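**Student:** Below: one structure in structure tokens.
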Amino acid sequence: MAELKLQQNQSTEIDFYWDSETSKIPGGRFLPVNGHWQLSFWARGTSGSASLFVIFQRLNGSQAWVNQTLTLTSHWQQYTMNFDATDTGPAGPLALKFVASGQSGNAVRLDDVQLGRASDFPSAWRAELVGALTTMRPGYLRDTQGQLGDTLANRIGDAFARGPTRYVPDPSNVSMSYLYGLTDFLSLCHEVGAQPWIVLPTTLYDSELTNFGQYLAHEQSTYNFSEIVLEWGNENWNPMFRAASILQPGVMGQAANRAFGLIRESAGSTLPLHLVVNGQFVNPWMGSTALANAPLANATDIAPYFFEILNSSDTTEAALSSLMSMNDEQPPIAKLQQSTTPSHKDIDVYEVNLSTISGDAPDSQRDPLVAGMASGTALANRIITAMNAGVRRQNVFALAQYQVKTPVGQTKLWGIVRDLATKHDFRPTGLAVQMLNQAIAGDYHSVTAKGANASTLNAAAFLSDGRWSMVIASASPTPTSLSIKFPAGGTPPSRSLTLSAPSITSTNESVDDQVKIVSAEVSQSQITVPAYGLVVMLSSPSS
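This is how it looks when you write it as structure tokens:
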């Protein structure tokens, strides 16, 4: 609830601004306001007369969608404003303002404000988000939104029961965030067919952990997930997340083990939990130490980000070679497996993507590589490499992020969807994930490549319900023709999906669908993989 205290001859207001980076994307809007929308809220005055002026508009000179003055009483009343919107004109931020006026000493109280497209209610999610995830068919959705210092009540409360949260000491409160709830997250996972991967706040009390186990058991009776991943914090080793991180992996493992025990005990033995402690990709000993102190954990996790540096002196050929090189991934995984394999623990990937935020290359040189067609192949190559090393659970970071700061500008990372304005505009990395998720099913099988370009190919095969599928990533600068032999006993692929573009540096940043997925029939398992290309082979349209 917010309170606006009134002063004589002076108004008091609360302003909300968002969608302020609108000039950067095609269409000039991250959040278009089109169609039938609804604004609702509760309000009252504390004593005497008071008025409340409400306005909702895009600050670009266009007419406001809501422009209304209300006379309030001392009793709570809900106000609902339905309106049909057309969002035209130049780019500009959205603004919602509540302006109160009246007698000095009086106050206006405001609560349960809700604004959105009417057709999206009562869901917490816009249709564009659900559509993107449905198209992508993720196996897991990882819930990480800075909830590291949150309470259980705030995590599982409904939209109007939750309040803002933070994990960093901050007397000014500027670091407070209002987050979506766990109940909404589980509903989304169920709707798009994904298994939930939940990052637990490390600050929960024993009673909260016990209640959380009971909550999960109750939700499971509705959703019947095949697996629920619980991760104890996010990057506990990272000082960035103090004061909600436990830097020492041994101590962190002990704390996680205590929490896992309380959750398991209250959730019951039938709940399919997969319990994870944080590790670090470049320091395998951290994951090993955490697991050694958390016997109840099923896995440790890593984030094998790659292609981290690009300098202005790098040629395109050298940069592509570095982008496609996966030589750094297998050794740390093998080192960590020295402790995980004997103890029958897993290695999971909690995040992976390109991370080209270092070096002095300008945006004009960086973007065609990190957002170009070859980036999709490179991400798939990274995922296949971990898969071939024995990793079975992998999350790509992140669904949506337009750009990130570099030493010399802003580059197009980490979102695999460019934006969710009116439809799901997939970047090449998002198209690659979409392709992989169509092929990955059933039992994994390794693939052996032979021939002149064998060292440039990375592949994995899958057998599900008697049908074969395969993913192939090429680091070769020239097309590669392949003849593929599948074992007897399954139906071989009959069609292919190829990541296609006018050039390997084409992007979807300013022109939609320069990079796209092209489907074709496959004859006798003969296929050509384009230069720096990605191909998925499927046995039927429903694979």
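Position in the sequence shown (from 1) plus 3 gives the number in my numbering.
The beta carbon of each residue, even a glycine, is placed where N, CA and C say it ideally should be.
Given the structure is predicted, the values throughout are model-derived calculations rather than measurements.
1) Between the Cα of Ser361 and the Cα atoms of Gln404, Arg145, Gly412, which residue gives the shortest distance?
2) Is DSSP giving Ser545 helix, strand or coil here?
3) In whole angstroms, give me the CA-to-CA distance for Gln567 and Leu460.
4) Measure the alpha-carbon distance for Asn314 versus Asn330 and round it to whole angstroms.
5) Okay, do the region 524 to 541 and the region 437 to 444 touch, 3+ Cβ pairs below 8 Å being the bar?
6) Consult DSSP for Ile386 and reduce its assignment to one of helix, strand or coil.
7) How long is the line joining the alpha carbons of Gly287 and Thr494, rounded to whole angstroms?
8) Just curious, the beta strand (DSSP E) that Lys8 is in, first and last residue?
9) Along the chain, where does the alpha helix (DSSP H) that runs through Ile159 open and close?
10) At what residues does the alpha helix (DSSP H) containing Asp187 begin and finish?
11) Taking just the CA atoms, how far does Ala162 sit from Arg47?
12) Rounding to the nearest angstrom, what Cα-Cα distance links Leu182 and Lys8 in this structure?
13) From Gly271, Met289, Ala297, Ser291, pick the residue whose C-alpha is nearest to that of Leu278; which is it?
14) Quick one: grab the DSSP three-state call for Gly105.
15) Please work out which residues of its chain come closer than 8 Å, Cβ to Cβ, to Ala98, disregarding the five sequence neighbours upstream and downstream, and give them in chain order.
16) What is the rounded straight-line gap between the Cα of Ala197 and the Cα of Ala364?
17) Going straight from the alpha carbon of Ile443 to that of Gln66, what length do you get?
18) When the distance is taken between beta carbons, is Ala389 closer than 9 Å to Gln397?
19) Do you know how far the Cα of Gln117 is from the Cα of Phe489?
20) Please list, in chain order, all residues of the same chain as Ser54 whose beta carbon is under 8 Å from its beta carbon, the five residues on each side excluded.
21) Would Leu191 and Leu136 be called neighbours here (beta carbons separated by less than 9 Å)?
22) For Asn239 and Glu524, what's the separation of their Cα atoms in angstroms?
23) Apart from the five residues just before and just after Leu382, which ones in its own chain have a Cβ nearer than 6 Å to its Cβ?
24) Spatial neighbours of Val521 within its chain, please: C-beta separation below 6 Å, excluding the five flanking residues on both sides.
25) Please state whether DSSP places Val436 in a helix, a strand or coil.
26) Quick check on this structure: which residue in Tyr170, Phe465, Ala455, Arg430 has the alpha carbon closest to the alpha carbon of Tyr447?
27) Could you check the C-alpha separation between Gln11 and Thr83 for me, to the nearest Å?
28) Between Gly31 and the rest of its own chain, which residues show a CB-CB distance below 6 Å, the 5 nearest in sequence each way excluded?
29) Along the alpha helix (DSSP H) that carries Tyr218, what are the first and last residues, could you check?
30) Starting from Thr74 and walking both ways along the beta strand (DSSP E), at which residues does that stretch end?
31) For Trp45, collect the residues of the same chain with a Cβ closer than 8 Å to its Cβ; drop the 5 residues on either side in sequence, then sort them by chain order.
32) Buried or exposed for Phe215, please, with buried defined as at least 16 other CB atoms from any protein chain shown within 10 angstroms of its CB.
33) Kindly indicate the opening and closing residues of the beta strand (DSSP E) around Gln324.
34) Using alpha carbons as the reference points, say which of Gly469, Val474, Val399 lies closest to Ile3.
35) Going by other Cβ atoms of all chains shown within 10 Å of its Cβ, with 16 needed for buried, is Pro125 buried or exposed?
36) Would you list the one or two residues that DSSP bridges to Gln397?
**Tutor:** In short:
1) Gly412
2) Low confidence applies here, because Ser545 scores a pLDDT of 47, under 50, leaving its location unreliable; read the following figure in that light. Of the three classes helix, strand and coil, the one that applies to Ser545 here is coil, per DSSP.
3) The displayed coordinates of the chain run from 4 to 546. Any statement about residue 567 would go beyond what the structure contains.
4) 20 Å
5) yes
6) helix
7) The sequence as given places Pro at residue 287; Gly does not occur at that position. About 40 Å.
8) 5 to 8
9) 155 to 159
10) 185 to 195
11) 21 Å
12) 27 Å
13) Ala297
14) strand
15) Asp18, Phe19, Tyr20, Ile58, Phe59, Gln60, Arg61, Leu62
16) 38 Å
17) 49 Å
18) yes
19) 55 Å
20) Thr72, Leu73, Thr74, Leu75, Ala103, Ser104, Gly105
21) yes
22) 48 Å
23) Thr432, Ala435
24) Thr501, Ser503
25) helix
26) Phe465
27) 29 Å
28) Thr25, Ala94
29) 209 to 226
30) 69 to 75
31) Trp79, Gln80, Gln81, Tyr82, Leu113, Asp114, Asp115
32) buried
33) The residue asked about is misnamed: residue 324 is Ser in this sequence, not Gln. Segment 319 to 327 is the alpha helix (DSSP H) holding Ser324; no beta strand (DSSP E) there.
34) Past the boundaries of the shown model lies residue 3; the chain is included only from 4 to 546, so the question cannot be answered.
35) exposed
36) Val352
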